[in-house]
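These protein sequences, in sequence, are chains A and B. When the first sequence is numbered by our numbering, its final residue is 462 and no position is left out of the sequence of numbers. When the second sequence is numbered by our numbering, its final residue is 1441 and no position is left out of the sequence of numbers. Quick reminder that beta carbons are idealized off the backbone N, C-alpha and C, glycines included. Small disclaimer: the values here were computed from a predicted structure and weren't measured. As C-alpha cells, the structure follows; a few thoughts come after it.
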Amino acid sequence: MPDLSINFAGIKSPNPFWLASAPPTNSGYQVMKAFDAGWGGAVWKTMGVPVVNVSSRYGGVNYRDKRLVGFNNIELISDRPLADNLREIEEVKKRFPNHAVIASLMVQSRQEWHDIVRQSQDAGADGFELNFGCPHGMCERGMGSAVGQEPKVLQTIVEWVMEVAQKPVIVKLTPNISDITEPALAARRGGADAISLINTIQSIVGVDIDNFAPYPVVDGKGTNGGYCGPAVKPIALNMVKNCAQHPDIRLPISGIGGIENWRDAVEHMLLGAGSVQVCTAAMHFGFGIIREMTSGLEQYMVEKGFETIDQLVGKALPNVLPWEDLNMKYKVTANIHAEKCIGCQLCYTACEDGAHQAIRLNAGTRVPEIIEENCVGCNLCSLVCPVEQCITMERTDAGTQHLTWKGRTEAGDVPVEFNDEKAGGRHHWVPEPAAALGKERHKTLPGKARVLNGETEMPAEA
Amino acid sequence: MAEYSIPTTEQEFQLNFAQLKPHMNRTEALYESSRCLFCFDAPCIKACPSGIDIPQFIRQINSGNETGAARTIYEANYFGNACGKVCPTEVLCEGACVYNLQDVKPIEIGRLQSYATTQVIKSGKQLFGPGAATGKSVAVIGAGPAGISAACELRALGYEVDVFEAKAQPSGLTVYGVAPYKITNEEILAEMAYLQAQFGYRVHFNSPINSREELSKLENEYDAIFLGIGLGKTSELGLPGEDKINCTGAVEFIAELRQHHHEVAVGRKVIVLGGGNTAMDAASESSRLGAEQVILAYRRAKDEMGAYGFEYDLAKGVGVKGLFNVAPVEIVGNGYVSGVKFIRTETKDGKVSEIAGSEFVEPCDMVIKATGQAKQTNFLSLIPGLKLDGKGRIIANAHTGQTTNPKYFASGDAWNGGAEVVNAAAEAKLTARGIHAYLSK
Ligand SMILES: Cc1cc2nc3c(=O)[nH]c(=O)nc-3n(C[C@H](O)[C@H](O)[C@H](O)COP(=O)(O)OP(=O)(O)OC[C@H]3O[C@@H](n4cnc5c(N)ncnc54)[C@H](O)[C@@H]3O)c2cc1C
Ligand SMILES: Cc1cc2nc3c(=O)[nH]c(=O)nc-3n(C[C@H](O)[C@H](O)[C@H](O)COP(=O)(O)O)c2cc1C
Ligand code: SF4
Ligand code: SF4
Ligand code: SF4
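Here it is as C-alpha cells:
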C-alpha cells in the first residue's frame, strides 16, 4: 500500500487532504467529525477580530441540472469567541494528536498578531495560516485581500508573525491580483514556511432578474462575494503552477480551489501542491467524500507505482512550458469513428460556426466527414462530441521535426509585418463570405415554416 | 388470472388506468431537458409529422422559458399537450432521437412537450390571437384534431370560423377514442378550452351536418368548408351472430369507456378481434376494466400485426393473450354471446388461407370487433363533385388540402384514411393555409 502521509513544511498529517478554513472547520465538533471520517488535517475557520455576519450568505452557480458548479459567499471570518475556538483546538489535538490542526488567523496590529499566534500555539495548533485572501467585508477594514494585494504590507505582517511563531507559517494568497507570484515572493521574503492558494475570487454569482439584485440577496440588496467550487479549479491550477515553477519562491504549496475528488487533488499535486484543501465539496456533500478521495488517490498511486506523496508532487511541472517553447511541427487531425457516431452533428456545426469549416455533411448519412486539408487540429469537435472516443485527434506529422516559436525567433524566422508570408493562416482555406448565406437552412425548419411555399425544401448538401 | 380487479369507483378507475406519461414536475423537466444535445438538423424534428422545433423548445424549458417553449410547440401543432401524451413517440420523435444509437434512453420529448404546454394552459397565458379580419368566413365540419387545428389557424389568418360538431365535446377521437391511460378527459378539454379562448372560433355542439339542405346552407353562408369528419363506426364483419348482445365495435366500446369510465361493464372473458392499434387498446382496456381473461384474436401471424410493437407489449403487460392465425366465422350464443367460432389459417407467400376442417369454438361472454372504422361515404356523397379514392378516402391536393369540389377542403382521418392525432393537426394547419391561398386569390 502506498504511504499517503505527508510532512508539509513541518506539519505532519496522515494524508494530504485537509479541510480548508471555512464553515466546515467552524467548531471542534465539525473538525472531530471530519477526522473521524478520515480527513488528515483541518485549517480552522479564521480567527481574529470580532465580526458580525449577515443573512443570507451564499449563492450558487448551477449548470443545467448540475447544482453548485460554482459557489460564492459573503461570509466573514469566525464569529465565535476566540476563547471557545482555542479551547476546542486544544480538545481536538488531545483526541487526534497525529492529525494536523492549523490555526487560520486574521488581525490587524503587530501586537494583535503576536497575541493570537501565541495563544494558538499554546492551544496546540500544529501551524498557522495567515488569511490574506478574503475578498469582501474584511478588506474594507484593511485586512484579508487588502493585505494580499499589497506585497509590502504582506511581507511586514509575515515578519511580525515570524517574530513569535514556533510552528510553521503558511501564507494564504488571494487570486484577486494579476500576478500571483508577487505576493508569494513577498511571503518568502517575510520568512514564511509555505503558501496556500487560492482563496476565493471576487465575484457576483448571479443576478435575481425579477428583483434586480445580485445573489445572495440581503434585504433586496447584495454585494460582491468570493467565488469557489468546481468552476475555479482551472484558475487555481494555473496559479499553483505559477508559484511552483517560480525559481525564487521555492516554498511548499497547499493547493486549494475546486477540489472535489481524488482526481482534482492529483491534478493540484502534479502541478506542485504538497497538500490540498477542500471547502465547497465538503459543504455540498459532507465529510463522507473523503472515503472516495483517499481510495482514489491510493488506487492511482498503486497503478502509477508511486510509493509516497512526494513522488508525485510537481510531476507535471516539467511539461508545462511557455507557449513559445511548444513544438510547432506537431500536428493532429480530427478523426471520426463512424461506427460510434450517433449523428448529432454537433461536431459539424461546431467546426462550421466555431472553427474552421473542416467538417462536411454528405447526403444519405448523418455521419459527418472531416475535410483533412482544412482541419487545423484545434480539438473543438472532439470536445463537443457526446460519444466517448468517437472523435479522436490523431497525430499526422512524422514526429521527426521540432521547431518552436522561440527557435524561430532566434533564427530570425518569424513574421514581422502585416501580410507576412511567414504568418500562420496565410494559406489556410476559408470559404467565400457570401457562401454562408442560406446555409442555416440545413437545419430542418420547424413546423411553422413547413408550409406550402417550398421554404423548407432541404437543399441537397454538396 | 385477472391482472386488475373491476374498478367500482372513479378512484379505482384512475388507478387501473393510470397515465402512461404522467406530467413532469419542474425538477424532472430540468433534468430531462438538460440531457438534450441540441443536435444540428435534429432527427427528432424530421420525425415529427408537425415538425415541432424540438431542440429549441427543450432548450427553452431548460433555461426556464416555459412560455416560449409552449409557443414554439403551438406554433407548429395546436394539439401540443394532446400530442405529447398520445403520440406514438416511440416510432416518431423519440424513436429518432440520436441517443437510441448510443443505447441510451432517448429524450422524453412527449412528456417535456406536455410539461411546457400545460404550464400555459394552466395559467391561461395569452400567446395567440385572431389575425386581422379578412371579412371572410369558413365552416368547419367536425371538432376533432383536424377541425380544431384548422379553426385555430384560420382564425390566426383572420377568418370567421364556425365549427359544427355532431357530438357534445370537442377534440374528436382524442376524447372519444384514445385510450384513457394516455390522456384524461379533463386535460384534453382544458387544452380545447385554452385554444378556443385564444383564437375565438365558435363551436356548435350536437350539430351534425347530415343532409344536402344543411350542406347547401353552409355553402351559401361560408366562403369555404373544411371537412374534418374523421372516420365512422366500426366496420361490420358480415358474420352470422354479429348482432348478439355483448358483441360490440371497438370504437363504440371505447367511446363509452371514455365517457362513463368504471360504469362500463366488460365481460369476464373477452375476445378482441383484430391486430391493429385499436385492437391493442380495446384488449388493454378490457383487462384494466377487470376482465379475467382477454384474448386477442388475429387472422395472421403475430409479426404481421399492424399494431406498433410497443402497443402489443403494453397489452401483453396487462395480461392479454394472443391467439394468432385464426379467422372468426361465427359469433355463437343464444341471445348473448357465448363464444366465437374460428377457423385456423396459414400464410403462404403473403396470402392467408383457411385450413379446412380446423374450426373450433373459443368460449367467451364478450366480443369486441376492432376491425377498422368505416368511411363516411354516404355523407360525403352529398357533396357534389367530391371524389373519393378506391379506399373511400377524400381525394385532395397534397399541399393545399383542396378537394375536387374547390369550395371543400379536407384533413385528418377522412383524408389520410386513419392515422394519428398529430397527422390530423399537421395536415389541418397546412390545409388552412391552402384555404387562405384559395380565398386570397
Ligand atoms: C381507438 C382509437 C385509438 C386511437 N389512439 C390514438 C393514439 O393513442 N394516438 C394518436 O395519435 N391517435 C390515436 N388514434 C387516432 C386519432 O384519434 C385520429 O387519427 C384523430 O383523432 C383524427 O382526427 P380527425 O379530426 O381527423 O377525426 P376525429 O378525431 O374522428 O374527429 C372527427 C370529428 O368530426 C365529428 N363529425 C363526424 N362527422 C360529422 C358530421 N357529419 N357533422 C358534424 N360532425 C361530424 C365527429 O363527431 C368527431 O368529433 C386512435 C384512434 C382510435 C379509433
Ligand atoms: C478560443 C478563444 C479565443 C479567444 N480569442 C480572443 C481574442 O482574440 N480577443 C479577445 O478579446 N478575447 C478572446 N477570447 C476571450 C473571449 O472573447 C471571452 O472574453 C472569454 O471566452 C469569456 O467568455 P465565455 O465565457 O463566453 O467564453 C477568446 C476565447 C476563446 C475561447
Ligand atoms: S459529434 Fe460525434 S456523434 Fe455527433 S455527429 Fe459528430 S462524430 Fe457523430
Ligand atoms: S479539430 Fe477543429 S478544425 Fe479540425 S475538424 Fe475538429 S473542429 Fe474542425
Ligand atoms: S435527437 Fe434527441 S438529443 Fe437530439 S435534439 Fe432531438 S431530442 Fe435532443
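Residues bridged to residue i (per DSSP)
i        : result
Q121(A)  : Its beta-bridge partners do not exist; DSSP assigns none.
D1349(B) : Answer is none; D1349(B) lacks a bridge partner.
L130(A)  : L105(A) and V171(A)
G1339(B) : V1332(B) and P1363(B)
D3(A)    : T308(A)
H1204(B) : F1164(B)
L1227(B) : I1141(B) and A1410(B)
G1249(B) : K1369(B)
P214(A)  : V207(A)
Y228(A)  : It is worth fixing the name first, because residue 228(A) is Cys in this sequence and not Tyr. F71(A).
S1063(B) : Answer by DSSP bridge pairing: none, since S1063(B) is not bridged.
S382(A)  : None, per the DSSP bridge assignment.
Same chain, Cβ closer than 6 Å to residue i, five either side skipped, listed in chain order
i        : result
R395(A)  : V332
E1090(B) : F1310
K12(A)   : none
A103(A)  : W44, S120, A125 and F128
W405(A)  : E324
E1094(B) : P1106 and I1109
V1086(B) : V1178, K1182, I1183 and V1421
L1101(B) : none
Proximity winner among the options, relative to residue i (alpha-carbon distances)
i        : options                                   : result
W323(A)  : P183(A), L346(A), D3(A) and G407(A)       : G407(A)
I77(A)   : L105(A), S55(A), Y58(A) and V92(A)        : L105(A)
S5(A)    : V232(A), G40(A), Q119(A) and V218(A)      : G40(A)
T1377(B) : D1349(B), H1399(B), L1173(B) and A1414(B) : A1414(B)
E112(A)  : V161(A), V147(A), N98(A) and N224(A)      : V161(A)
V1326(B) : A1307(B), E1359(B) and S1338(B)           : E1359(B)
G1129(B) : R1071(B), G1238(B), F1226(B) and G1080(B) : R1071(B)
S1114(B) : Q1019(B), A1139(B) and E1427(B)           : Q1019(B)
V158(A)  : I180(A), T181(A) and L185(A)              : L185(A)
V1352(B) : T1184(B), R1299(B) and C1152(B)           : R1299(B)
A282(A)  : G190(A), C228(A) and I209(A)              : C228(A)
G59(A)   : G133(A), T223(A) and L326(A)              : T223(A)
G190(A)  : I249(A), G225(A) and F17(A)               : I249(A)
G286(A)  : K33(A), M328(A), D3(A) and S21(A)         : K33(A)
V61(A)   : P14(A), H284(A) and F212(A)               : H284(A)
E1292(B) : S1033(B), K1269(B), C1152(B) and A1265(B) : K1269(B)
P14(A)   : T308(A), E421(A) and T392(A)              : T308(A)
Any non-hydrogen atom of ligand 7 within 8 Å of residue i CB
i       : result
S382(A) : Among the ligands modelled here, namely ligand 1, ligand 2, ligand 3, ligand 4 and ligand 5, ligand 7 does not occur.
Contact set for residue i: own chain, Cβ-Cβ below 7 Å, skip 5 residues either direction
i        : result
N176(A)  : P135, S145, Q149, I201 and Q202
L380(A)  : A350, C351, G354 and A355
T25(A)   : L19, V31, A42, V43, W44 and K45
G1392(B) : K1375 and T1377
Q1402(B) : A1396, F1409, G1434 and Y1438
G38(A)   : I290, R291 and T294
V107(A)  : G48, V49, W113 and I116
S1235(B) : T1371, G1372, Q1373 and A1374
A1307(B) : G1275, G1276, N1277, A1279 and M1280
S1411(B) : A1146, A1150, G1228, G1401, A1424, E1427, A1428 and T1431
G1417(B) : K1391 and R1393
Beta-carbon contacts of residue i that lie in its chain and below 8 Å, excluding the five residues immediately before and after
i        : result
V367(A)  : I336, A338, C341 and G343
V320(A)  : K241, Q245 and L271
L1092(B) : A1047, C1048, P1049 and V1422
Y1194(B) : V1120, I1121 and G1124
With 8 Å as the C-beta to C-beta threshold (strictly closer), list the residues of the segment 203-229 of chain A near chain B in chain order.
Within the segment 203-229 of chain A, no residue has a Cβ that lies closer than 8 Å to any Cβ of chain B.
Interface positions of the segment 47-78 of chain A facing chain B (Cβ-Cβ less than 7 Å), listed along the chain:
Within the segment 47-78 of chain A, the qualifying residues are R64 and D65.
Got a sec: which bits of the segment 161-187 of chain A sit with their beta carbon under 9 Å from any beta carbon on chain B, in order along the chain?
Cβ contacts with chain B come from no residue of the segment 161-187 of chain A.
Of the residues that make up the segment 1043-1063 of chain B, which ones have a beta carbon closer than 8 Å to any beta carbon in chain A?
Under the 8 Å Cβ criterion, the segment 1043-1063 of chain B contributes P1043, I1045, K1046, C1048, S1050, G1051, I1052, D1053, Q1056 and N1062.
Just by C-beta distance, which residues in the segment 1019-1043 of chain B are closer than 9 Å to chain A?
Listed in sequence order: T1027, L1030, Y1031, E1032, S1033, S1034, R1035, L1037, F1038, C1039, F1040, D1041, A1042 and P1043.
Would you list, in chain order, the members of the segment 1084-1098 of chain B that have their beta-carbon closer than 8 Å to a beta-carbon of chain A?
The segment 1084-1098 of chain B vs chain A, Cβ under 8 Å: V1098.
Using Cβ-Cβ distances below 7 Å, what residues of the segment 344-361 of chain A are close to chain B?
Flagged, chain order: C344, Q345, L346, Y348 and T349.
Contact set between the segment 385-418 of chain A and chain B, restricted to residues whose Cβ is under 8 Å from the partner
So the list reads P386 and V387, given in the order they occur along the chain.
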